[in-house]
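Number of protein chains: 2
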Amino acid sequence: MPEAGRGVGRLVIFGVGLIGGSLALALRQAGYCGEVVGCSRSAGHLQRAIDLGVIDRYVLDPASAVRDADMVLLAVPMGAMRGVLVQIRPALPPTAILTDAGSTKASIVREVGDIMGPDFTRFVPGHPIAGREQSGVEAAVAELYQGRRVILTPQPHTDPEALAAVTAMWKVTGALVEGMPVELHDQVLAATSHLPHVLAFALVDTLLGMPQREDILRYAAGGFRDFTRIASSDPVMWRDICLYNDRAILDMIRALQNNLSHFSALIRNHDAEGLQQLMQQAKQTRDNYVARFEPGQHS
Amino acid sequence: MPEAGRGVGRLVIFGVGLIGGSLALALRQAGYCGEVVGCSRSAGHLQRAIDLGVIDRYVLDPASAVRDADMVLLAVPMGAMRGVLVQIRPALPPTAILTDAGSTKASIVREVGDIMGPDFTRFVPGHPIAGREQSGVEAAVAELYQGRRVILTPQPHTDPEALAAVTAMWKVTGALVEGMPVELHDQVLAATSHLPHVLAFALVDTLLGMPQREDILRYAAGGFRDFTRIASSDPVMWRDICLYNDRAILDMIRALQNNLSHFSALIRNHDAEGLQQLMQQAKQTRDNYVARFEPGQHS
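Top line first, the protein sequences correspond to chains A and B. Residue numbers for the first sequence follow this note's numbering, beginning at 247 and rising by one. Residue numbers for the second sequence follow this note's numbering, beginning at 247 and rising by one.
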């Protein structure tokens with residue numbers, strides 16, 4: 247029996263990768279869905295998802311896929327969302343609930359409004375804060391969301407029943423489901439995830455442009471490896487995040503640049519006290535963060 | 247028998263912490279020194295180093311400590327180097343070799359020139375590129391330098407015999423000893439170590455200044471923890487590194503700020519191709535770096 251009392255009859259997932267696939271596995275394990283249907287552009291990929299026990303069956307045509315859907319999850323890259331929306335709009339049943347798993351939320355809210363119209367109330371924007379180094383359906387695991395946060399950013403006109411259904415679905419995976427205003431989500435993610443990625447890419451790109459680049463790479467030590475690990479992330483995904491959360495990311499880059507200018511002034515003025523105070527406070531915050539939010543972790 | 251054929255009669259180490267202590271342990275294990283003498287301002291700390299088998303004995307007065315020294319290693323914080331130099335200058339035997347383990351090299355070369363005079367040829371500036379999360383003599387281990395790089399930055403007037411002796415000493419620890427011009431050392435370290443530390447401090451400081459700081463810290467995920475780990479480093483040590491390698495660090499901050507301005511322009515102009523190209527190239531470089539320089543490591 248589904249934990250939330252009802253479950254979902256037919257769940258249709260667009261983009262059966264790490265994120266969509268892990269949700270499917272957790273829900274199937276819990277017996278929460280009557281059927282999980284996958285949809286993407288690659289039949290080979292979808293067949294692989296069937297072989298791995300991630301989905302029950304697949305449909306290649308988006309409109310056909312959603313025709314009898316109870317719940318539709320968009321887990322495709324940000325740049326592919328609009329194309330899927332345009333294709334499913336004429337076929338989506340009025341009772342179906344639409345949700346997504348995109349990393350930025352203002353953009354998808356805008357796109358759904360554009361395409362589905364201002365009266366469409368059954369869209370619940372969502373963002374599971376989870377990931378692994380690996381990607382793709384092969385990396386999907388039923389436990390991915392256990393104890394992780396899923397942020398939902400409902401609009402004032404979002405149907406409360408739709409919100410409750412999406413909340414219940416994510417809770418089945420063991421996730422902590424929380425609500426947040428769209429703008430705050432995009433600012434918080436820009437600060438904690440998008441800016442660090444931009445910085446890692448920018449740092450490696452800066453070093454690449456130095457005349458001493460060979461020596462720099464040769465002497466780069468463990469700290470460099472840790473610091474730039476996220477520069478090995480998927481460039482297409484991060485390109486899209488930069489484009490779709492542009493305002494919040496630009497604000498964060500500007501804030502960091504101002505901070506670096508202040509930092510440079512402290513160095514230029516040999517302000518030992520100011521430097522130590524800034525670093526001491528950052529260290530304190532970072533140490534407190536680890537103690538408060540990740541008590542098991544000591545580094 | 248010492249590997250280099252001679253060994254060191256009496257080695258005097260100023261600052262018996264992780265760096266000085268680990269060298270002492272490796273050399274004593276190899277039977278390379280007649281005697282290892284520690285010197286610092288804390289008798290309790292030096293007694294602890296004796297109890298741990300790191301040094302043979304200690305002397306509190308710097309001038310007395312160096313009176314019969316064959317080799318003197320300065321392993322105190324950058325900001326304490328000058329004070330030690332002033333105190334040992336009158337007592338240092340003309341045959342003694344002076345070396346250091348500081349993180350920046352132009353500054354110590356300048357200070358030794360100022361205090362010991364332009365004719366002092368037996369100073370060999372050095373920088374072992376090694377460390378651990380822990381610090382202090384308790385963290386010292388004989389194996390710290392095995393397979394790690396030690397960079398020496400001799401000057402045109404450096405006595406070749408002194409250079410050979412310092413090289414031989416470090417080789418006993420299992421380190422790879424390499425020479426490098428002073429300026430290149432400081433630029434390379436600014437790029438690979440100092441700038442990442444500045445960025446980690448600046449990022450945490452920037453987040454601290456945001457009105458959404460509570461939400462930001464609550465939602466900060468694993469990437470934030472990795473990215474800011476080095477913001478938990480010792481503020482006094484990093485304050486000094488910023489002050490003593492100011493020029494190279496300011497250059498690197500400026501280069502990164504220019505890169506971030508370029509990055510911002512790509513985002514502002516929605517230049518998808520430019521963003522993807524920058525990220526793709528950074529990812530490629532970072533992946534190649536791991537494959538080339540750390541073949542055992544896959545992330």
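By construction, the Cβ of each residue, glycine as well, lies at the ideal position given by its N, Cα and C atoms. The structure presented is a predicted model; accordingly, all values stated were derived computationally and were not measured.
Closer than 8 Å to chain A by CB, residue i
i: V318 (chain B); result: no
i: V423 (chain B); result: no
i: I513 (chain B); result: yes
i: W484 (chain B); result: yes
i: Y535 (chain B); result: yes
i: T399 (chain B); result: no
i: T531 (chain B); result: yes
i: R471 (chain B); result: yes
i: R395 (chain B); result: yes
i: Q503 (chain B); result: yes
i: R328 (chain B); result: no
i: L390 (chain B); result: no
i: D196 (chain B); result: Nothing can be reported for residue 196 (chain B): it is not among the residues displayed for chain B, which extend from 247 to 545.
Helix, strand or coil at residue i according to DSSP, with G and I counted as helix
i: H516 (chain B); result: coil
i: I343 (chain A); result: strand
i: A250 (chain B); result: Below a pLDDT of 50, predicted positions are generally treated as unreliable, and A250 (chain B), at 44, falls in that range; the measurement from the model is reported next regardless. Coil at A250 (chain B), not helix or strand.
i: G348 (chain B); result: coil
i: M525 (chain B); result: helix
i: L338 (chain B); result: coil
i: R287 (chain B); result: coil
i: G267 (chain A); result: helix
i: G325 (chain A); result: helix
i: V330 (chain B); result: helix
i: V536 (chain B); result: helix
Rounded straight-line distance, which links the Cα of residue j to that of residue i
i: A272 (chain A); j: I375 (chain A); result: 16 Å
i: P457 (chain A); j: A466 (chain A); result: 15 Å
i: I265 (chain B); j: I354 (chain B); result: 17 Å
i: T438 (chain B); j: M324 (chain A); result: 33 Å
i: V322 (chain B); j: L489 (chain B); result: 16 Å
i: D346 (chain A); j: T399 (chain A); result: 11 Å
i: Q275 (chain B); j: V282 (chain B); result: 12 Å
i: Q503 (chain A); j: L506 (chain B); result: 8 Å
i: M426 (chain A); j: I397 (chain A); result: 7 Å
i: H544 (chain A); j: P364 (chain A); result: Residue placement at H544 (chain A) is flagged as unreliable, the pLDDT there being 45, under the threshold of 50; a coordinate-derived value is accordingly withheld.
i: R464 (chain A); j: V332 (chain A); result: 50 Å
i: N534 (chain B); j: S479 (chain B); result: 28 Å
i: D405 (chain B); j: N491 (chain B); result: 25 Å
i: E519 (chain B); j: H443 (chain A); result: 18 Å
Cutoff 8 Å: residue i Cβ touching any chain B Cβ
i: V322 (chain A); result: no
i: H238 (chain A); result: Look at the range of chain A in this structure, 247 to 545, and you will see that residue 238 (chain A) is not part of it.
i: M525 (chain A); result: yes
i: T350 (chain A); result: no
i: C488 (chain A); result: yes
i: V262 (chain A); result: no
i: Q380 (chain A); result: no
i: T419 (chain A); result: no
i: I361 (chain A); result: no
i: I375 (chain A); result: yes
i: P442 (chain A); result: yes
Contact under 8 Å by Cβ, residue i with residue j
i: L496 (chain A); j: S510 (chain B); result: yes
i: A408 (chain B); j: I334 (chain B); result: no
i: C279 (chain A); j: V254 (chain A); result: yes
i: M525 (chain A); j: R485 (chain B); result: yes
i: P300 (chain A); j: V330 (chain A); result: Per the sequence shown, the amino acid found at residue 300 (chain A) is Val instead of Pro. No, these two residues do not count as a Cβ contact at 8 Å.
i: M327 (chain B); j: E357 (chain B); result: yes
i: A309 (chain B); j: A337 (chain B); result: yes
i: R294 (chain B); j: V383 (chain B); result: yes
i: A477 (chain B); j: A436 (chain B); result: no
i: L449 (chain B); j: T413 (chain B); result: no
i: M498 (chain A); j: L441 (chain A); result: yes
i: A411 (chain B); j: R395 (chain B); result: no
i: A315 (chain A); j: R252 (chain A); result: no
i: V423 (chain A); j: P371 (chain A); result: no
i: E452 (chain B); j: A501 (chain A); result: Looking at the sequence provided, one finds Thr at residue 452 (chain B) rather than Glu. In contact: T452 (chain B) and A501 (chain A) (Cβ atoms closer than 8 Å).
i: R471 (chain A); j: V536 (chain B); result: yes
(request) Tell me the start and end of each unbroken beta strand (DSSP E) in the stretch 413-491 of chain B that is at least 3 residues and wholly inside, in chain order. (result) As far as the stretch 413-491 of chain B is concerned, its whole beta strand (DSSP E) runs of at least 3 residues are 422-425.
(request) Please list the segments of the beta strand (DSSP E) lying wholly inside the stretch 352-412 of chain A, counting only runs of 3 or more residues, in order along the chain. (result) 372-374, 395-398
(message) Threshold first: 4 residues or longer. Then list the alpha helix (DSSP H) segments lying entirely within the stretch 291-319 of chain B, N to C.
(response) 308-312
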